[in-house]
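S.K.:
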Amino acid sequence: MTEPFLSIQHVRKSFGPITVVQDFNLDVEPGEFVSFLGPSGCGKTTVLRMVAGFEEPSAGKIVVAGKDITRLKPNQRNVGMVFQAYALFPNLTVAQNIGFGLKVAGMPKADADRRIAEMLDIIKLPQMGDRYPYQLSGGQQQRIALARAIAPKPKLLLLDEPLSALDAKVRVSLREEIRSIQKKLGITTIFVTHDQEEALSISDRIAVMYGGKAEQVGTPFEIYNRPATKFVANFVGTLNVLEGTVTDAASGKVRVNSQEVSLKGKLNGSKSGDTLSLALRPEAISLGRHPGRDSSLSGEIAEVHFLGSVIRVRVGIGGATVSLDTFNSPATPPPAVGEKAEISFSSGDMLVLH
Amino acid sequence: MKSGRFWAWVVFALGAAYFFIPLIATVEFSMRMRRGAYSFDAYKVVFGDPRFQATFGYSVLTAVFTIILGVLIVVPTAYWIRLRMPQLRPVVEFITLLPLVIPAIVIVFGYIRMYGSNSPLPFLGSETGANALLVIGYATLALPYMYRAVDTGLRTIDVRTLTEAAQILGAGWGTIITRVILPNVLIAVLSGAFLTFAIVIGEFTMASLLNRPAFGPYLQNVGANRAYEPAALAIIAFAITWGCMSLIQILSRFAPRSANRPN
Amino acid sequence: MTDISLSDHAVAGKTAPPADARSMRLPTQWLGVAPFFIFAIMFLILPTLYLMLGAFRNDAGEFTFENIAALAQPSIVAAYWISIKVSLASSLIGAFAGLAIAIAIVRGGLPEWIRSATLTFSGVASNFAGVPLAFAFLATLGRLGLATVLLNVLVGFNIYAHGFNILSFWGLTLTYVYFQIPLMVVIIVPAIDGLKKEWGEAAATLGATQAQFWRMVVIPVIWPSFLGTVILLFANAFGAIATAYALTGSSLNIVPILLYAQIRGDVLHNAHLGYAIAFGMIVITGLANVFYIWFRTRSERWLK
Ligand SMILES: Nc1ncnc2c1ncn2[C@@H]1O[C@H](COP(=O)(O)OP(=O)(O)OP(=O)(O)O)[C@@H](O)[C@H]1O
Ligand SMILES: [Mg+2]
Chain A
0 MTEPFLSIQH VRKSFGPITV VQDFNLDVEP GEFVSFLGPS GCGKTTVLRM
50 VAGFEEPSAG KIVVAGKDIT RLKPNQRNVG MVFQAYALFP NLTVAQNIGF
100 GLKVAGMPKA DADRRIAEML DIIKLPQMGD RYPYQLSGGQ QQRIALARAI
150 APKPKLLLLD EPLSALDAKV RVSLREEIRS IQKKLGITTI FVTHDQEEAL
200 SISDRIAVMY GGKAEQVGTP FEIYNRPATK FVANFVGTLN VLEGTVTDAA
250 SGKVRVNSQE VSLKGKLNGS KSGDTLSLAL RPEAISLGRH PGRDSSLSGE
300 IAEVHFLGSV IRVRVGIGGA TVSLDTFNSP ATPPPAVGEK AEISFSSGDM
350 LVLH
Chain B
0 MKSGRFWAWV VFALGAAYFF IPLIATVEFS MRMRRGAYSF DAYKVVFGDP
50 RFQATFGYSV LTAVFTIILG VLIVVPTAYW IRLRMPQLRP VVEFITLLPL
100 VIPAIVIVFG YIRMYGSNSP LPFLGSETGA NALLVIGYAT LALPYMYRAV
150 DTGLRTIDVR TLTEAAQILG AGWGTIITRV ILPNVLIAVL SGAFLTFAIV
200 IGEFTMASLL NRPAFGPYLQ NVGANRAYEP AALAIIAFAI TWGCMSLIQI
250 LSRFAPRSAN RPN
Chain W
0 MTDISLSDHA VAGKTAPPAD ARSMRLPTQW LGVAPFFIFA IMFLILPTLY
50 LMLGAFRNDA GEFTFENIAA LAQPSIVAAY WISIKVSLAS SLIGAFAGLA
100 IAIAIVRGGL PEWIRSATLT FSGVASNFAG VPLAFAFLAT LGRLGLATVL
150 LNVLVGFNIY AHGFNILSFW GLTLTYVYFQ IPLMVVIIVP AIDGLKKEWG
200 EAAATLGATQ AQFWRMVVIP VIWPSFLGTV ILLFANAFGA IATAYALTGS
250 SLNIVPILLY AQIRGDVLHN AHLGYAIAFG MIVITGLANV FYIWFRTRSE
300 RWLK
């Protein structure tokens, strides 16, 4: 393992009596793209602002490239930041905005102009240098803000929900652009979002936050498929949760609504009689019995939602309902509400939440 | 940061001193009428003065008429500009700003020359006409404030949608204005009204040049001839202004906040 | 845009048969704003124009520049000069003091109640002008005023012995500042509120010092509103008469007081010279505004 580039160590932040970040730890590799994902108010922005230097940690330290920057002023940290509301300077042209950091650093004008042109190319707005921010769309403004942040070659790039003020289409294209620019420049990046799809699609790793703590840090694949806590499992993706009672701990038998499923090797330590939460992703469940799927449960179709290429079916199993998606095939009519139905899945896909 | 806050306190303290010392001094002065002891004698004299009562009453009445005239001119216009003729907005805004540029004394000078007793429109030929001209003059003075207050009020309620909704329900124009628009901008209109009142009640220039028996000229007259009463009158005037502004603030708490659409 | 045409149909359907809708449209449209325009023309624009034209006529009604030329006599020039000085001094002092107070209450990290109390008070004080204001300053800084007496008794400093007089340029300026500062506060606070916190943070992450941020962003951004307000304050002081008249009688020869005396009693013994004085006042306040508009359109292309 290489030396971490950014290391956030045991950081805590309190505003008066309220602690909003507690014992936060994270190591980020050079060139890595890490997302902070979590519900509103969980402390994502606060951690980011401590890295930028706008808030001082109540405890712990922040190290960048081996140097403790915890007490450094924001303007001495060489960190680029992009804000949700663009925050372009309205009185400066696009080129002047991008050149702001270069100018205050005292870069000669010719060099600065070259760098600005380069940046405008990177964000694919080469003709826009003379415009003022109000003459640009939100997506364009945010790209300028990105260019402005990376023009002085910062050691770290921090983005606080940079896409949430944009409409859905722009959001998707811009996030891919951000990711590709970031890869090209190899700049270590922290990206705050509350949109899980965003985090899953562009991150090297995700830190899922809850109540001021990092619940789990891992690759998108790990976060989605092997959530470490109940919160992560619930927050990332759609999840069907069923309550079950262990009937035979040794052979892994669990009773769900008077039907039995076998979860061999997944019960780690539960005793007979314990109740468990069992979770399944919609895409792990099929309607009807299928070869290769070792478990099944029967219930009744409760709702059918036609979503175009996909039909979302909700099946009632005892008191619980399970959502699953089937592809729409014109040859087979969708199931009808009230029909008896059987769902099947692999016990290996079942998540046991403790 | 620390030193910034220190300077903020310094600036604030200096400002507070500049603004409070004259008020304190005036209160103190107004209570000096009786030799050797503080008293409210000056206030008693002022309130007991029949000319105070007469001129104050006259100015209140003038203010009320000014407000009515202002509302009648501004509300339909602001409404119509928002609803149907947005292209006229710059022109109307420009005109409503003119009274801030043209001094009141110039406007009233123009009135005296244009509407004198020998002119085709002899406002100044009769008492009623002169009173009307004073109300008109005050309405122009208040125009910038009244227009802005009402226009802001209209902006927050989304006039167009409300009007269309009323039309769909079959309402006529009279009903729309009196039952739909006015109640919704009432707060804004009242704010403009209290501001108008504060401006008009002690106004001196127009009233004096039109020879009206108003409160402003009375104040000036007392100032020229008495010692302690002026200070008492200043405190009374300050209290009236304060009252008007407080009413505006209280009203603003009831103002509709949600705008369905920013425009 | 679509909803305009929608309501057009609705109105046309109610007030006239469809065939007439086109021809009916223009007059009914204008009917809504007619009272306003008639009022503005009759009681704002025509009286002003009347004076402006009168400034270029003699008693026989012939065109002349004599009245304007007559403004050059020393007493009138002196009146304009002292008016301009008082207005400029009070608006600049008011503007900078008001700006400092506004920044202190918005950005200075003071408790929230100070901000709202200051704003409320400013609303009151900006409207506390005219005759009562003069009374308040007489009670403070007049010969028997509290501040005068206290300074004399406590510090042994007699301001009147040191050349101060409430009935003077500085006395009047200090008095005008009482409504100029709060007016500035009331108008400029929203502009300072409009400065986004993120701008400062963005500048900081880009390596700018606080001073660089102010020079490159804050000052350019609030400059137009600031200048516009200064001009408003200037016009506000330039046209004011009541305070000065109540304070100084006619001992301080400012333009509005001169014009007031002229209107009352033709002290200049030339009716048309009064028109010329009024014309001069409009020209000065008008020029200030033209300068402001020119400045805005020319140097502030970033303003929408
Ligand atoms: N300056 C402050 N003073 C007091 N409390 C604060 C301050 N800043 C943030 N908080 C509190 O800290 C908590 C975390 O805030 P933070 O802005 O970090 O959340 P977030 O995860 O970024 O949320 P969102 O997704 O809504 O942006 C919130 O409960 C917030 O109210
Ligand atoms: Mg946040």
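Residue numbers (numbering that gives the first Met the number 0), protein chains in the order written: chain A, 0 to 353; chain B, 0 to 262; chain W, 0 to 303.
Virtual Cβ for every residue (Gly too), placed ideally from N, Cα, C.
Does the CB of B/P102 have a neighbour CB from chain W at under 7 Å?
M.R.: Along the second sequence, one-based indexing puts residue 102 of chain B at 103. So yes, B/P102 belongs to the interface.
S.K.: Which residue from B/A164, B/R159, B/A213 and B/T155 puts its Cα closest to that of B/L185?
M.R.: The residue labelled residue 185 of chain B in the question sits at position 186 within the second sequence. Considering only alpha carbons, the answer is B/T155.
S.K.: Verify the CB distance criterion: does W/P34 have a CB-CB separation below 7 Å to chain C?
M.R.: Within the model displayed, chain C is absent; protein chains A, B and W are what it includes.
S.K.: Answer with buried or exposed for W/H161, where buried requires no fewer than 16 other C-beta atoms within 10 angstroms of its C-beta.
M.R.: Residue 161 of chain W sits at position 162 when you count from the first residue of the third sequence. Exposed: under 16 other Cβ atoms inside 10 Å.
S.K.: Who's in the neighbourhood of ligand 2, going by beta-carbon under 7 Å from any heavy atom, listed in chain order?
M.R.: My final list is A/K43, A/T44, A/D159, A/E160 and A/V191.
S.K.: Do you know how far the Cα of A/P151 is from the Cα of A/R114?
M.R.: Reading the first sequence from its first residue, position 115 is the one you call residue 114 of chain A. Reading the first sequence from its first residue, position 152 is the one you call residue 151 of chain A. Roughly 9 Å between the two C-alpha positions.
S.K.: Return the Cβ separation of B/S116 and B/A213 in integer angstroms, given the expectation that the two are a contact with Cβ distance under 8 Å.
M.R.: Here residue 116 of chain B refers to the residue found at position 117 when the second sequence is read from its first residue. Here residue 213 of chain B refers to the residue found at position 214 when the second sequence is read from its first residue. Their Cβ separation, rounded to whole angstroms, is 20 Å, which puts B/S116 and B/A213 out of contact at 8 Å.
S.K.: So B/A206 and B/G215 are in contact, right, with Cβ under 8 Å, and what is the actual spacing, rounded?
M.R.: Position 207 of the second sequence holds residue 206 of chain B. Position 216 of the second sequence holds residue 215 of chain B. Sure, about 5 Å apart at Cβ, within 8 Å.
S.K.: Are there three or more Cβ pairs, one per stretch, closer than 8 Å when the segment 207-217 of chain W is compared with the segment 157-172 of chain W?
M.R.: Touching, no, given that fewer than three Cβ pairs across the two stretches are closer than 8 Å.
S.K.: Return the chain-ordered ranges of every alpha helix (DSSP H) run that is complete within the segment 149-230 of chain W and spans a minimum of 4 residues.
M.R.: As far as the segment 149-230 of chain W is concerned, its whole alpha helix (DSSP H) runs of at least 4 residues are 168-192, 196-204 and 209-212.
S.K.: Which residues share a DSSP beta bridge with A/D67?
M.R.: Looking up residue 67 of chain A in the first sequence gives position 68. Answer is A/V62, bridged to A/D67.
S.K.: How is the beta strand (DSSP E) around A/N256 delimited, first residue to last?
M.R.: Within the first sequence, numbered from 1, the residue matching residue 256 of chain A stands at position 257. Unbroken run through A/N256: none, as it is neither H nor E.
S.K.: Hey, quick one: how far does the beta strand (DSSP E) through A/E242 stretch, first residue to last?
M.R.: Start at 1 with the first residue of the first sequence, and residue 242 of chain A comes out as number 243. N239 to D247 is the span of the beta strand (DSSP E), which, as asked, contains A/E242.
S.K.: Is it buried or exposed for W/R21, if we count other Cβ within 10 angstroms and need 16 for buried?
M.R.: Indexing the third sequence from 1 puts residue 21 of chain W at position 22. Confidence at W/R21 is low in this model, with a pLDDT of 45, below 50, so its placement is unreliable and no value can be given for it.
S.K.: Using beta-carbon positions only, say whether A/L101 and A/G138 come within less than 7 Å of one another.
M.R.: For the purposes of this step, residue 101 of chain A is taken as the residue at position 102 of the first sequence. For the purposes of this step, residue 138 of chain A is taken as the residue at position 139 of the first sequence. Contact: no.
S.K.: Looking at chain W, which residues of the segment 82-102 of chain B have a Cβ within less than 8 Å of any of its Cβ atoms?
M.R.: The residues in question are L82, R83, M84, L87, V91, I94, L97, P98, L99, V100, I101 and P102.
S.K.: In terms of alpha-carbon separation, which member of A/T92, A/P56 and A/S6 lies closest to A/M127?
M.R.: Start at 1 with the first residue of the first sequence, and residue 127 of chain A comes out as number 128. That would be A/T92, whose Cα lies nearest to the Cα of A/M127.
S.K.: Go through its chain and collect everything with a Cβ distance to W/A260's Cβ below 7 Å, but skip five positions before and after it.
M.R.: The count along the third sequence starts at 1 and reaches residue 260 of chain W at position 261. Result list for W/A260: S249 and V266, in chain order.
S.K.: Applying the 10 Å Cβ sphere with the 16-neighbour rule, what's the burial state of W/L153?
M.R.: Position 154 of the third sequence, counted from the first residue, corresponds to residue 153 of chain W. It is exposed - the Cβ of W/L153 has fewer than 16 other Cβ atoms within 10 Å.
S.K.: Considering Cα atoms alone, identify which of A/S343, A/D247 and A/R70 is closest to A/E282.
M.R.: Translated into positions along the first sequence, residue 282 of chain A becomes position 283. Answer by Cα proximity: A/S343.
S.K.: Measuring straight from C-alpha to C-alpha, what distance separates B/A41 and W/A138?
M.R.: Working through the second sequence from its first residue, we reach residue 41 of chain B at position 42. Working through the third sequence from its first residue, we reach residue 138 of chain W at position 139. Rounded to the nearest angstrom, the two C-alpha atoms are 14 Å apart.
S.K.: If the cut is a Cβ gap below 8 Å, which residues of chain W does B/Q219 touch?
M.R.: Within the second sequence, residue 219 of chain B is the residue found at index 220, counting from 1. Going along chain W in sequence order, the residues near B/Q219 (Cβ under 8 Å) are V130, A241, Y244 and A245.
S.K.: Hey, is A/H289 close to ligand 1, as in C-beta under 6 Å from one of its heavy atoms?
M.R.: The sequence position of residue 289 of chain A within the first sequence is 290, counting from 1. A/H289: no, Cβ never under 6 Å from ligand 1.
S.K.: Let me confirm a value: A/K72 is counted as buried when at least 16 other C-beta atoms fall within 10 Å, else exposed. Which label applies?
M.R.: Counting from 1 along the first sequence, the entry for residue 72 of chain A is found at position 73. A/K72 comes out exposed.
S.K.: Can you tell me the Cα-Cα spacing of W/L5 and W/K196, whole angstroms?
M.R.: In the third sequence, counting from the first residue as 1, residue 5 of chain W sits at position 6. In the third sequence, counting from the first residue as 1, residue 196 of chain W sits at position 197. Its pLDDT being 34, under 50, W/L5 is placed unreliably in this model, and the value from its coordinates should be taken loosely. Those two C-alpha atoms are separated by around 42 Å.
S.K.: What in chain W is Cβ-close to B/I20, meaning under 7 Å?
M.R.: Within the second sequence, numbered from 1, the residue matching residue 20 of chain B stands at position 21. Per Cβ cutoff of 7 Å: T139 and A146.
S.K.: Would the beta-carbon of A/C41 be found less than 6 Å away from any heavy atom of ligand 1?
M.R.: In the first sequence, counting from the first residue as 1, residue 41 of chain A sits at position 42. Indeed, a heavy atom of ligand 1 lies less than 6 Å from the Cβ.
S.K.: Excluding the 5 residues preceding and the 5 following B/T61 in the sequence, name in chain order all residues of the same chain whose CB lies nearer than 7 Å to its CB.
M.R.: Residue mapping note: residue 61 of chain B aligns to position 62 of the second sequence, counting from 1. Result list for B/T61: L133, V134, Y137, V199 and A213, in chain order.
S.K.: Distance cutoff 7 Å, beta carbons only. Does B/T54 sit that close to anything in chain W?
M.R.: Reading the second sequence from its first residue, position 55 is the one you call residue 54 of chain B. Not an interface residue.
S.K.: Can you find the residues in the same chain that come closer than 6 Å, C-beta to C-beta, to A/S294, ignoring five residues on each side of it along the sequence?
M.R.: Reading the first sequence from its first residue, position 295 is the one you call residue 294 of chain A. Cβ within range, chain order: V260, F344 and S346.
S.K.: Which residue marks the beginning of the alpha helix (DSSP H) containing A/E175, and which one marks its end?
M.R.: Taking the first residue of the first sequence as position 1, residue 175 of chain A is located at position 176. Residues A167 to L184.
S.K.: What did DSSP end up calling W/M280 once you bin it into helix, strand or coil?
M.R.: Within the third sequence, residue 280 of chain W is the residue found at index 281, counting from 1. Three-state DSSP puts W/M280 in a helix.
S.K.: Is there a Cβ of chain W sitting closer than 7 Å to that of A/P107, yes or no?
M.R.: Position 108 of the first sequence holds residue 107 of chain A. No, no contact with chain W.
S.K.: Hey, how far is the Cα of W/A33 from the Cα of B/Y114?
M.R.: On the third sequence, position 34 is the one that residue 33 of chain W refers to. On the second sequence, position 115 is the one that residue 114 of chain B refers to. For W/A33 and B/Y114, the distance between alpha carbons rounds to 21 Å.
S.K.: Any C-beta of chain W sitting closer than 7 Å to the C-beta of B/N259?
M.R.: Along the second sequence, read from residue 1 onward, the residue named residue 259 of chain B stands at position 260. In this prediction, B/N259 scores a pLDDT of 39, lower than 50, which makes its location untrustworthy; no coordinate-derived value is stated.
S.K.: Rounded to the nearest angstrom, what separates A/T44 and A/Q21 at their Cα positions?
M.R.: Position 45 of the first sequence, counting from 1, holds the residue named residue 44 of chain A. Position 22 of the first sequence, counting from 1, holds the residue named residue 21 of chain A. The straight-line gap from Cα to Cα measures roughly 14 Å.
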